[in-house]
Amino acid sequence: MDPRVQQFMAMIKARNPGENEFHQAVQEVSESLIPFIEDNPKYKHAKILERIAEPERTIIFRVPWLDDKGDIQINRGFRIEMNSAIGPYKGGLRFHPTVNLGILKFLAFEQVFKNSLTTLPMGGGKGGSDFDPKGKSDNEVMRFCQSFMTELFRHIGADTDVPAGDIGVGGREIGFLFGQYKRLKNEFTGVLTGKGIEWGGSLIRPEATGYGVTYFAAEMLSTRDECIKGKTVCISGSGNVAQYATEKVTQLGGKVVTSSDSNGFVYDPDGIDPEKLKFIMELKNVKRGRIKEYADKYHVEYFEGKTPWGIKCDIAMPNATQNEIDEEDAKILVKNGCICVAEGANMPSTPGAVEVFLKAKILYGPGKAANAGGVATSGLEMTQNSMRLPWSREEVDERLHTIMKNIHATCVKFGTGDDGFINYVNGANIGGFVKVANAMIAQGLV
Ligand code: NDP
Ligand code: 2IT
Numbered sequence: 000m001d002p003r004v005q006q007f008m009a010m011i012k013a014r015n016p017g018e019n020e021f022h023q024a025v026q027e028v029s030e031s032l033i034p035f036i037e038d039n040p041k042y043k044h045a046k047i048l049e050r051i052a053e054p055e056r057t058i059i060f061r062v063p064w065l066d067d068k069g070d071i072q073i074n075r076g077f078r079i080e081m082n083s084a085i086g087p088y089k090g091g092l093r094f095h096p097t098v099n100l101g102i103l104k105f106l107a108f109e110q111v112f113k114n115s116l117t118t119l120p121m122g123g124g125k126g127g128s129d130f131d132p133k134g135k136s137d138n139e140v141m142r143f144c145q146s147f148m149t150e151l152f153r154h155i156g157a158d159t160d161v162p163a164g165d166i167g168v169g170g171r172e173i174g175f176l177f178g179q180y181k182r183l184k185n186e187f188t189g190v191l192t193g194k195g196i197e198w199g200g201s202l203i204r205p206e207a208t209g210y211g212v213t214y215f216a217a218e219m220l221s222t223r224d225e226c227i228k229g230k231t232v233c234i235s236g237s238g239n240v241a242q243y244a245t246e247k248v249t250q251l252g253g254k255v256v257t258s259s260d261s262n263g264f265v266y267d268p269d270g271i272d273p274e275k276l277k278f279i280m281e282l283k284n285v286k287r288g289r290i291k292e293y294a295d296k297y298h299v300e301y302f303e304g305k306t307p308w309g310i311k312c313d314i315a316m317p318n319a320t321q322n323e324i325d326e327e328d329a330k331i332l333v334k335n336g337c338i339c340v341a342e343g344a345n346m347p348s349t350p351g352a353v354e355v356f357l358k359a360k361i362l363y364g365p366g367k368a369a370n371a372g373g374v375a376t377s378g379l380e381m382t383q384n385s386m387r388l389p390w391s392r393e394e395v396d397e398r399l400h401t402i403m404k405n406i407h408a409t410c411v412k413f414g415t416g417d418d419g420f421i422n423y424v425n426g427a428n429i430g431g432f433v434k435v436a437n438a439m440i441a442q443g444l445v
């Protein structure tokens, strides 16, 4: 390892003990940025890297709520307000039993660079809770959301901090959170994104991350005169991002052969067509069932406790969670002829896996670039809320598509090496950094 990175990471680890995912995210970024900063000493003198890795504010709070039996439950709530140099804090809320400070700090840190790449004026933040929505009734989820917002409301605002969804937080949860915010503040504002279309939401926001990651994959493929049409695609996850990535890949003529959840994956060699996708959407968004039921219904193979990376594919889209592709998985993907990895999830590839992809010189699009379509469209929802005018589906989709092309162009600009290989990791990290760093310098010691 570069001794400068080693020294920086020793400081980060000492200041943030036990926060492994945060260390991982900071290390990946610092490997790109430290050489860049050496060449651009104004960032070094201003200690931008040291400042950018320290949240502006961290809020941790108790969330008590009553379950259906009348028993008291206690969860922990968080909001990491990471960086506001280029706009209000912006980023999702995750409700999952694994949520802790280190995971949310990694997500908030990534969000700063991602939001900068979108070209829209949004700072970075992330929040959530160790609350597990699985197996809870709608009423329990509502009571939890109301209690969570009863503390969070004092820290957020349309011009201050604008949360949205992430794992375990979809339309239902955003509705309950928004309702409680409105009661407490007596204000109808764009304080959350991912709202319902009847009450301030944007068309295409539900689709945006999955569509965006597919647009990004198409851009990457076009650098090698390739396209989605005719390609076999392995997708992990079966939630929001996975569903709409499956839809868009299929629309563009690709064949999605896998879908998964935390219990296992299904392999459908004929492809998940629109009718089968409708079944997954009903299963996951309404019945809240397990992906195994797909295998029972369509008589395809189900692999309990496994991830889909052993299935031969041209394109892999990890759309579930962090560190879901390890070094071994990456080697198998490359060996099986995978030419493109586009990350719908945040940090789904371990550092060892990333190294395999970069060494093999395949097209590797890291999450902070490839999945930025979700937050970008949240930014477009904020714009529409400010104007008090909604845009059509076509208008939002067109803007999303343009933004994904621009993010790709930024990665090409900052990531192309002397041999012509586009290192999208460097491209996204440096491209996202410059705007935030310049804004921090301009605003003085804040
Ligand atoms: P959802 O909650 O809608 O779906 C998550 C999916 O991933 C589910 O299929 C879930 O399975 C699976 N999953 C979650 N945790 C794990 C785990 N520990 N191991 C295996 N599988 C798991 O979330 P989203 O689709 O919104 O988010 C997916 C990823 O995309 C996350 O990394 C998120 O940060 C990222 N992302 C989301 C954006 C958005 O707009 N929603 C924007 C950009 C990135 P199960 O149901 O069994 O838990
Ligand atoms: O990781 C992400 O970019 C999100 N979960 C979406 C954040 C947002 O504010 O829309």
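Those letters in the sequence shown? Residues 0 to 445, per numbering that gives the first Met the number 0, in order. For glycine and all other residues, C-beta sits at the position ideal for the given N, C-alpha and C. Small disclaimer: the values here were computed from a predicted structure and weren't measured.
From the DSSP output, which residues share a beta bridge with residue i?
i, result
"Q72", "W64"
"C233", "A315"
"I59", "F77"
"I421", "T415"
"F94", "S128"
"I324", "S348"
"G364", "A341"
"Y88", "D160"
"Y301", "V265"
"N39", "DSSP lists no partner for N39."
"N123", "The question names Asn, but residue 123 is Gly in the sequence shown. Answer by DSSP bridge pairing, in chain order: N82."
Do residue i and residue j have their CB atoms nearer than 9 Å?
i, j, result
"I85", "P120", "yes"
"T97", "D129", "yes"
"N403", "A45", "Sequence inspection shows Met at residue 403; the Asn mentioned does not correspond to that position. Going by C-beta atoms, M403 is not nearer than 9 Å to A45."
"A369", "T117", "no"
"G90", "T208", "no"
"F60", "M81", "no"
"G336", "K311", "yes"
"A441", "N318", "no"
"A436", "I47", "yes"
"R182", "T192", "no"
"V340", "L362", "yes"
"G126", "I173", "no"
"N185", "G101", "no"
"F215", "L176", "no"
"P307", "I227", "no"
"N384", "G189", "yes"
"D165", "L251", "no"
"Y297", "D325", "no"
"I429", "G414", "yes"
"I338", "E225", "yes"
"S377", "I290", "no"
"I314", "G253", "yes"
"P40", "L92", "no"
"I51", "V140", "no"
"K104", "E27", "no"
"G309", "I331", "yes"
Within 10 Å of its beta-carbon, does residue i have 16 or more other beta-carbons around it, so buried, or fewer, so exposed?
i, result
"L399", "buried"
"H95", "buried"
"A408", "exposed"
"G426", "buried"
"R142", "buried"
"S348", "buried"
"N422", "buried"
"T257", "buried"
"N239", "buried"
"T222", "exposed"
"R287", "exposed"
"Q5", "exposed"
"K133", "exposed"
"S31", "buried"
"M346", "buried"
"N262", "exposed"
"K113", "buried"
"A344", "buried"
"M316", "buried"
"A329", "buried"
"I444", "Here residue 444 is Leu; the residue named in the question, Ile, does not match the sequence. It counts as exposed."
"V265", "buried"
"S391", "exposed"
"G431", "buried"
"K358", "exposed"
"I71", "exposed"
"N74", "buried"
### Task
Report the residue ranges of all alpha helix (DSSP H) runs contained in full by the stretch 229-283; include only those spanning at least 4 residues, in chain order.
239-250 and 273-280
### Task
Can you check the stretch 142-213 for any beta strand (DSSP E) of at least 3 residues that lies completely inside it and give the ranges in chain order?
160-163
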